[in-house]
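Every number in this note's numbering is 27 more than the matching position in the sequence shown, counting from 1. We put the beta carbon where it would ideally sit given N, CA and C, even for glycine.
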Amino acid sequence: MKHYLVTGGAGFIGANFVKYLLKKHEDIQLIVLDDLTYAGNLGTIKEELKDARFVFIKGNIVDHQVVAKIFEKYPIDYVVNFAAESHVDRSIENPQLFLQTNILGTQNLLDIAKKYWTTGKDENGYPVYRKSVKYLQVSTDEVYGSLGETGYFTEKTPLDPRSPYSASKTGADLIVSAYSETYNLPVNITRCSNNYGPYHFPEKLIPLIIKNILEGEKLPVYGDGSNVRDWLYVEDHCKAIDLVILNGKIGEVYNIGGHNEKKNIDIVKLTIATIRRLMEENPDYKKTLKKKGNDISWINNDLITFVKDRLGHDHRYAIDPAKITNELGWYPETKFEDGIVKTIRWYLENQHWIEEVTSGEYQRYYEQMYGNR
Ligand code: NAD
Ligand code: TYD
Numbered sequence: 028m029k030h031y032l033v034t035g036g037a038g039f040i041g042a043n044f045v046k047y048l049l050k051k052h053e054d055i056q057l058i059v060l061d062d063l064t065y066a067g068n069l070g071t072i073k074e075e076l077k078d079a080r081f082v083f084i085k086g087n088i089v090d091h092q093v094v095a096k097i098f099e100k101y102p103i104d105y106v107v108n109f110a111a112e113s114h115v116d117r118s119i120e121n122p123q124l125f126l127q128t129n130i131l132g133t134q135n136l137l138d139i140a141k142k143y144w145t146t147g148k149d150e151n152g153y154p155v156y157r158k159s160v161k162y163l164q165v166s167t168d169e170v171y172g173s174l175g176e177t178g179y180f181t182e183k184t185p186l187d188p189r190s191p192y193s194a195s196k197t198g199a200d201l202i203v204s205a206y207s208e209t210y211n212l213p214v215n216i217t218r219c220s221n222n223y224g225p226y227h228f229p230e231k232l233i234p235l236i237i238k239n240i241l242e243g244e245k246l247p248v249y250g251d252g253s254n255v256r257d258w259l260y261v262e263d264h265c266k267a268i269d270l271v272i273l274n275g276k277i278g279e280v281y282n283i284g285g286h287n288e289k290k291n292i293d294i295v296k297l298t299i300a301t302i303r304r305l306m307e308e309n310p311d312y313k314k315t316l317k318k319k320g321n322d323i324s325w326i327n328n329d330l331i332t333f334v335k336d337r338l339g340h341d342h343r344y345a346i347d348p349a350k351i352t353n354e355l356g357w358y359p360e361t362k363f364e365d366g367i368v369k370t371i372r373w374y375l376e377n378q379h380w381i382e383e384v385t386s387g388e389y390q391r392y393y394e395q396m397y398g399n400r
């Protein structure tokens, strides 16, 4: 039986991954370590908490004692590090926390994994590790910087981060590579594009737009809305990570992208149109609107408001996922038109989740950021 340590498993992608893994593999033990920051929520994994194969530990990845205790107690085979401060706008406001969690947290996990996985030394002094162990760092395409109108990020694209968030994720990637080179620690790094799907915290573009429509609020689009992101359905991402853990070549980086570039303004317009269509098809969904009544003609593009651009806003991200397709047979299965409908339906049917995750600290942050827009 394999033991996984999944950090950040109460956040968006981590929770989707935990759900995927428990369905996919019968005989596993999952230990989730999550500090339950504003972005982590136990309600997201409440079904999994009842599963005998699942253990939840509240704690910080930067904390040596907490992480060491986990390795002491469980024979961890795989570490999958999702835990991070993940929002670019917050990184612009408070870079230090990003460096602490994203860089020092990663180094702490690597160090403890190295210690507990070491069984001896080879003739050159390199550590020898237990068989079939692996550390997987979940990274981002943002480490490659920003593209112009053409071209794609490959694994060979030079690292050129531009925001405090992407700089911190790059720092983490570099320390992972350093442990691979210096100590032969078995690692993989995956770099994915923008995920979307259920349990996405509503400070990120797609869930924010859905939430604001349900609340009858304006939809803030930064700058002129021409920035491009490459959207990846979260379950497709989870499949890719599972494959990389089991079959990825040690020491390699894998890019994971959706083959699905869209301008922000088009994402917002499509989300507006899809919500309206789903409500017309199923009038029950109208009950989720704060503004009650049958007339939903106000759900239209007039809700869009162009606001001050993000500082240093990266223009375009686009991933070439040829390596993971060729080596591991992965490709993004979910078409955006289907993924966005699944996502919106999920939010319409789980409004209590939005209320739960936005009832505390997030609310204050949001008012501070957008209150005067
Ligand atoms: P998220 O913000 O939704 O979740 C992060 C989780 O980590 C939360 O549950 C939070 O409580 C936990 N956490 C934060 N700091 C912690 C700490 N110090 N110790 C323990 N737990 C801590 O993030 P997400 O969108 O699920 O992203 C997961 C990973 O994927 C991140 O590493 C992120 O950089 C990367 N990524 C995300 C995207 C995306 O589109 N969401 C794209 C590329 C890469
Ligand atoms: P976001 O979801 O924050 O992800 P990232 O910055 O990591 O790509 O933002 C996606 C895009 O949407 C990005 O170009 C910024 C833009 N954006 C808006 O236009 N309005 C918003 O309210 C937010 C949160 C993002």
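Asked	Found
Do residue 41 and residue 89 have their CB atoms nearer than 7 Å?	no
For residue 395, count the other beta carbons within 10 Å of its own beta carbon; 16 or more makes it buried, fewer makes it exposed. Which is it?	exposed
Hey, which unbroken runs of the alpha helix (DSSP H) at 4 residues or more fall wholly within the segment 320-394?	349-355, 363-376, 378-384
Are the segment 265-284 and the segment 215-232 touching, with three or more C-beta to C-beta distances below 8 Å?	yes
Ligand 2 and residue 117: does the residue's C-beta get closer than 6 Å to at least one heavy atom of that ligand?	no
Is DSSP giving residue 399 helix, strand or coil here?	With a pLDDT of 45 at residue 399, under the threshold of 50, the modelled position of that residue is not reliable, and the figure given next carries that caveat. Residue 399: coil per DSSP, three-state reduction.
Given a cut-off of 7 Å, decide if residue 220 and residue 346 are closer than it, judged by their beta-carbon atoms.	yes
So, residue 254 versus residue 114, is the Cβ gap smaller than 7 Å?	no
Is it right to say residue 24 is buried, meaning 16 or more other beta carbons lie within 10 angstroms of its own, or is it exposed?	A query on residue 24 cannot be resolved here, the shown segment of the chain reaching from 28 to 400 and no further.
Sorted by chain position, which residues of the same chain lie with C-beta nearer than 6 Å to residue 224's C-beta, five sequence neighbours on each side aside?	260, 261, 370
Just to confirm my understanding: we take residue 94, look at its own chain, exclude 5 residues before and 5 after, and list those with CB closer than 8 Å. What are they?	60, 86, 88, 135, 136, 139
Could you give the uninterrupted runs of the beta strand (DSSP E) lying entirely in the segment 219-298, keeping only those of 3 residues or more?	246-249, 255-257, 280-283, 288-290
Using a Cβ-Cβ cutoff of less than 8 Å, which residues in the same chain neighbour residue 210 once the five nearest sequence positions on both sides are dropped?	141, 153, 154
Is residue 232 a contact residue of ligand 4, with contact defined as CB to any heavy atom under 6 Å?	Only ligand 1 and ligand 2 can be found as ligands here, which leaves ligand 4 out of the picture.
Excluding the 5 residues preceding and the 5 following residue 256 in the sequence, name in chain order all residues of the same chain whose CB lies nearer than 6 Å to its CB.	221, 344
What are the partner residues of residue 164, as DSSP defines its beta bridges?	108, 216
Alpha carbons only, please: which of 180, 298, 173, 310 is nearest the one belonging to residue 340?	173
Is residue 264 close to chain D, meaning its C-beta is less than 7 Å from at least one C-beta of that chain?	Here chain D cannot be found, since the structure has a single protein chain.
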